[in-house]
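Novice: The sequence shown begins at -12 in the working numbering and counts up one residue at a time.
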Amino acid sequence: MTMNLTRKIISSHLAKGEMKPGLEIAITIDQTLTQDATGTMAYLQFEALDIPQVKVPLAVSYVDHNMLQAGFENADDHRFLQTFANKYGIQFSKPGNGICHQVNLERFSKPGNTMIGSDSHTPTGGGAGMLAIGVGGLDVAVVMGGAPYYVTMPKVVGVKLTGKLNPWVSAKDVILEMLRRLTVKGGVGKVFEYYGPGVSTLSVPERATITNMGAELGATSSLFPCDNVTKEFFRMQGRLDDWNEISADPDAEYDEHIEVNLGELEPMMAKPGSPDAVVKVSEVEGTPVQQVIIGSCTNSSYKDLMLVAKAVKGKKVNPNVSLHITPGSRQVLETIIRNRALADMVSAGARIMEAACDGCIGLGSSPPSGSVSIRSFNRNWSGRSGTMNDSVYLASPEVCVAAALTGKITDPRKLGEYPEVEWPESFVTDDSMVIGPSDNPESVEVIRGPNIKPLPKAEPLSSNLEGEVLIKLEDDISTDGIMPAGPKILPLRSNIPAISEHVFSQIDPGFPARAKEKQGGFIIGGDNYGQGSSREHAALAPMYLGVKAVVTRSFARIHKANLVNFGILPLEFADQAGYDAIEQGDTIRFNGIRELIEGGATSIPVQAGSNSFVCTLDVSDRQREIILAGGLLNYTKMMHG
Ligand code: MIC
Ligand code: SF4
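1) Whose CB is closer than 5 Å to a heavy atom of the ligand MIC? List the residues in chain order.
2) Which partner residues of C213 appear in the DSSP bridge assignment?
3) Which residues does DSSP list as the beta-bridge partners of Q22?
4) Go to N549, then tell me how far its alpha helix (DSSP H) extends in each direction, as first and last residue.
5) Rounded to whole angstroms, what is the Cα-Cα separation between A72 and I312?
6) Please name the residue, chosen from Q40, H88, Q18, T25, that lies closest to S425 on a Cα-to-Cα basis.
7) Please go through the same chain and pick out, in chain order, the residues whose beta-carbon is closer than 8 Å to the beta-carbon of A568, but skip the five residues on each side of it.
8) Does DSSP classify Y405 as helix, strand or coil?
9) For T25 and D236, what's the separation of their Cα atoms in angstroms?
10) Shorter than 8 Å, the distance from the beta carbon of R366 to the closest heavy atom of the ligand SF4, or not?
11) Please list the segments of the beta strand (DSSP E) lying wholly inside the segment 378 to 426, counting only runs of 3 or more residues, in order along the chain.
12) Compute the Euclidean distance between the alpha carbons of G104 and N365, then round it to the nearest angstrom.
13) Given a cut-off of 9 Å on the beta-carbon distance, is the pair A502 and L457 in contact?
14) According to DSSP, simplified to helix, strand and coil, what is F577?
15) Per the DSSP calculation, A29 is bridged to which residue(s)?
16) Suppose the cutoff is 6 Å on Cβ atoms and the five residues either side in sequence are ignored; what does the same chain contact list for R222 look like?
17) If you reduce the DSSP assignment to three classes, tell me which class I569 lands in.
18) Answer yes or no: the CB of I245 versus the heavy atoms of the ligand SF4, is any distance below 8 Å?
19) For the segment 476 to 516, list the alpha helix (DSSP H) runs that are entirely contained and at least 4 residues long, ordered along the chain.
20) Could you spell out where the beta strand (DSSP E) holding G121 opens and where it closes?
21) Have a look at G205, G282, R167, L556 and flag the residue whose alpha-carbon is nearest the alpha-carbon of E612.
22) Please name the residue in F577, T196, G394, A389 whose C-alpha comes closest to that of G403.
23) In or out: Q506 buried (at least 16 other Cβ within 10 Å) or exposed?
24) Take S607 and list the residues in its own chain whose beta-carbon comes closer than 6 Å to its own, dropping the five residues that flank it on each side.
25) Check F59 in the structure and name its three-state DSSP category.
26) Using 8 Å as the threshold, is the segment 62 to 70 in touch with the segment 157 to 175, meaning 3 or more CB pairs across them?
27) Going by C-alpha distance, which of Y289, L320, M332 is nearest V304?
28) Considering only heavy atoms of the ligand SF4, does any lie closer than 8 Å to the CB of T466?
29) From L36 to S309, what does the alpha carbon distance come to, in whole angstroms?
30) Tell me whether N598 sits in a helix, a strand or coil according to DSSP, three-state version.
31) Would you kindly report the start and end of the unbroken beta strand (DSSP E) that includes H634?
32) Given this structure, state the Cα-to-Cα distance separating G113 from F211, to the nearest angstrom.
33) Quick check: the segment 118 to 137 against the segment 226 to 244, are there 3 or more CB pairs under 8 Å?
34) Can you list, in chain order, the residues of its chain with a C-beta nearer than 6 Å to that of V108? Leave out the 5 residues immediately preceding and following it.
35) Measure the Cβ-Cβ separation of S358 and D377 and say whether it is below 9 Å.
36) State the Cα-Cα distance for the pair M54 and G473, rounded to the nearest angstrom.
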């Protein structure tokens, strides 16, 4: 059988299972990635496994999220991460070196490699031909301990690209078009593999914009072949040795097909509320804009920022707009300092932020109340920016810069000639902010601050579960809705008792107190529950509050895996009537649940008052064992002594 690239990479890393979509497989992992907001927990979990050194060929720990040091907590976490990396054989990318996905693409990506990362945008590496998957921190910990990574064998969707993008239309518009067609649920259980004649018209960072936002489709991953364009990128990075040509077989087979003619796309944007609320810019033109941010792991590459610099050169930002620029990496920042493009942006009136996540995770750059903010980011759920009643649109750097100059949503094609961005002869390749591990690990002391609290322990699943429905939610609740981020809550990522006080704080601030008063209970969710981020705190903190099961109409992939990892039952209503019949405050009971799960049951009866209904437990045999053990950490310790 002719093989697509995804299947080729999986088959060369297959440790267990059969490559049939829907079945669980295990693959060996070449690289792991963590960032600071998920990393402290992942490393505490690795520590609990009691393994002296990481067992993956390459593990990198980045600091890019919790950069605001408005107290000791984040700085303490950074120091913990640096000393931990030093001791356990991990590369440490210091704060200031850039956003994990951008730095990984530039400095560590390897075509044909597999990577997991404790951040949902890990598939950015697919721009360089890696099979890169976003997971929870505990999955990274277990893989660093030497285990393969378990995942459902995805369907592979072949996305044929034809044509060439027109001026002022860019890679962001390709993925916005995919989101418009498929929605935020359209990619669950799938890998999007791009191929066809349009591929060679896109540079590696442009490809990475597309694979990055495949996360917004709910996809397992997205990837591009590794061709001569990739080769040129690796040459400019001074890493030609890491390049190798790898692509699908000619006439490779795919499980599903999509075609996008790049030449037919127009500038687009996602309207406030969801990355899939996509419209043509021309449909919303004229809306006054107060803030524009160009940055995030999606669109902060050299080309993105050069385009902006050229478009604003000799002009001034509209007086009513605050323009923020957050370069994706120190490499990008240093390159645009050296070629003076940064001077053009500063002279136009831009505010230059650190090479970090910044406003994308609501850690600064919150817009004014009731304002419109246009961002080159990947997520725009209500509240994520830190301002509850703002209107955040997602768009390309082209659309962003047009708004920054005119003060309103404007079709960038009206800006005149499209600036030509030339690639430099080579990039600034200085890895001095990546600190290698110690040669003498026994002598390294891991330094912990007072905010780093021990891991909460989970108990094995009991025979019967009974409790109240603590909350009933609608469709598409994101992990930002479950466990918000922002400057007040993010510093608590290493302190589960403290962060659990903020579960559902934007939706129902009474939740933590209620959960404690009732001594735990259940969560009812709608469709695509837990979409978005990989933050396992959205499972771990509810677990800490005593949540034993989450019953939904359907789950997003990473969150469902995180629930299992922390011993919370992820159940799905067998039909709409089940969801409709249940209300907050109802008491529900699962009789003999432990035995049912041990016996392999997929239909789980639920007693709700005098009614009863059935829900589905759709997990692998291994995941059943994990749930019975009270989570992946208990399970791993049980298996390996
Ligand atoms: C995000 O974009 O939401 C984050 C912050 O990068 C998260 C990880 C986290 O919550 O720490 C993600 O995408 O996984
Ligand atoms: Fe950081 Fe935003 Fe990318 Fe998440 S989506 S890794 S917060 S830049």
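Using N, Cα and C, we set each Cβ at its ideal position, and we do this for glycine too.
Please read these numbers as outputs of a predicted model, since none were measured by experiment.
Specialist: Result, derived from the coordinates:
1) That gives A24, T25, D106, S107, I348, S520, S521, R522.
2) As a working note, residue 213 is residue 226 in the sequence shown. In the DSSP output, where bridge partners are listed per residue, C213 has I233.
3) As a first step, residue 22 is located in the sequence shown; it is residue number 35 there, counting from the start. Q22 is bridged to Y49.
4) Taking the first residue of the sequence shown as 1, we reach residue 549 at position 562. Boundaries of the alpha helix (DSSP H) harbouring N549: 544 to 552, taken from the DSSP string.
5) Numbered from its first residue, the sequence shown carries residue 72 at position 85. Numbered from its first residue, the sequence shown carries residue 312 at position 325. Straight-line Cα distance between these residues: approximately 30 Å.
6) The residue labelled residue 425 in the question sits at position 438 within the sequence shown. It is Q40 whose Cα lies nearest to the Cα of S425.
7) Sequence index remark: in the sequence shown, residue 568 carries index 581 (1-based). Taken in chain order, the residues that qualify are A595, N598, F600.
8) Against the sequence shown, residue 405 aligns to sequence position 418. In this structure, Y405 counts as coil in the three-state DSSP scheme.
9) Counted from its first residue, the sequence shown places residue 25 at position 38. Counted from its first residue, the sequence shown places residue 236 at position 249. Going from the Cα of T25 to the Cα of D236 covers about 37 Å.
10) Mapped onto the sequence shown, residue 366 falls at position 379. The answer is yes for R366.
11) 378 to 382
12) Working through the sequence shown from its first residue, we reach residue 104 at position 117. Working through the sequence shown from its first residue, we reach residue 365 at position 378. For G104 and N365, the distance between alpha carbons rounds to 17 Å.
13) Residue numbering aside, residue 502 sits at position 515 when the sequence shown is read from its first letter. Residue numbering aside, residue 457 sits at position 470 when the sequence shown is read from its first letter. Going by C-beta atoms, A502 is nearer than 9 Å to L457.
14) For this step, residue 577 is matched to residue 590 along the sequence shown. If DSSP states are grouped into helix, strand and coil, F577 belongs with the strands.
15) Working through the sequence shown from its first residue, we reach residue 29 at position 42. Answer is none; A29 lacks a bridge partner.
16) By one-based count along the sequence shown, residue 222 stands at place 235. Cβ neighbours of R222 beyond the five flanking positions: none.
17) For the purposes of this step, residue 569 is taken as residue 582 along the sequence shown, with counting starting at 1. Reduced to three states, the DSSP call for I569 is coil.
18) As a working mapping, residue 245 is identified with position 258 in the sequence shown. No, since every heavy atom of the ligand SF4 falls outside the 8 Å radius drawn around the Cβ of I245.
19) Counting only runs of 4+ residues, the alpha helix (DSSP H) found wholly inside the segment 476 to 516 occupies 483 to 486, 498 to 504, in chain order.
20) To locate residue 121, count along the sequence shown from 1; it is residue 134. Residues 118 to 121.
21) Here residue 612 is taken as the residue at index 625 of the sequence shown, counted from 1. The shortest Cα separation from E612 among G205, G282, R167, L556 belongs to L556.
22) The count along the sequence shown starts at 1 and reaches residue 403 at position 416. Measuring from the Cα of G403, the nearest candidate turns out to be A389.
23) Translated into positions along the sequence shown, residue 506 becomes position 519. Exposed, because fewer than 16 other Cβ atoms sit within 10 Å of the Cβ of Q506.
24) For the purposes of this step, residue 607 is taken as the residue at position 620 of the sequence shown. E11.
25) As a first step, residue 59 is located in the sequence shown; it is residue number 72 there, counting from the start. Residue state, collapsed to three classes: helix.
26) no
27) As a working note, residue 304 is residue 317 in the sequence shown. If we check each option's Cα against that of V304, M332 comes out closest.
28) Locating residue 466 in the sequence shown gives position 479, where the first residue counts as 1. Checking every heavy atom of the ligand SF4 against the Cβ of T466, none is found closer than 8 Å.
29) Taking the first residue of the sequence shown as 1, we reach residue 36 at position 49. Taking the first residue of the sequence shown as 1, we reach residue 309 at position 322. Distance between the alpha carbons of L36 and S309 is about 47 Å.
30) On the sequence shown, residue 598 is found 611 positions in, with the first residue counted as 1. Reduced to three states, the DSSP call for N598 is strand.
31) Because the chain here runs from -12 to 628, residue 634 falls outside it and cannot be looked at.
32) Within the sequence shown, residue 113 is the residue found at index 126, counting from 1. Within the sequence shown, residue 211 is the residue found at index 224, counting from 1. Taking the straight line joining both Cα atoms gives about 6 Å.
33) no
34) Counting from one through the sequence shown, the residue named residue 108 turns up at place 121. Note that residue 108 is His in the sequence shown, not Val. Counting only Cβ-Cβ distances below 6 Å, and skipping sequence neighbours, we find H88, N199, A202, C284.
35) Taking the sequence shown and counting its residues from 1, the one referred to as residue 358 is at position 371. Taking the sequence shown and counting its residues from 1, the one referred to as residue 377 is at position 390. Contact: yes.
36) By one-based count along the sequence shown, residue 54 stands at place 67. By one-based count along the sequence shown, residue 473 stands at place 486. Going by C-alpha positions, M54 is about 11 Å away from G473.
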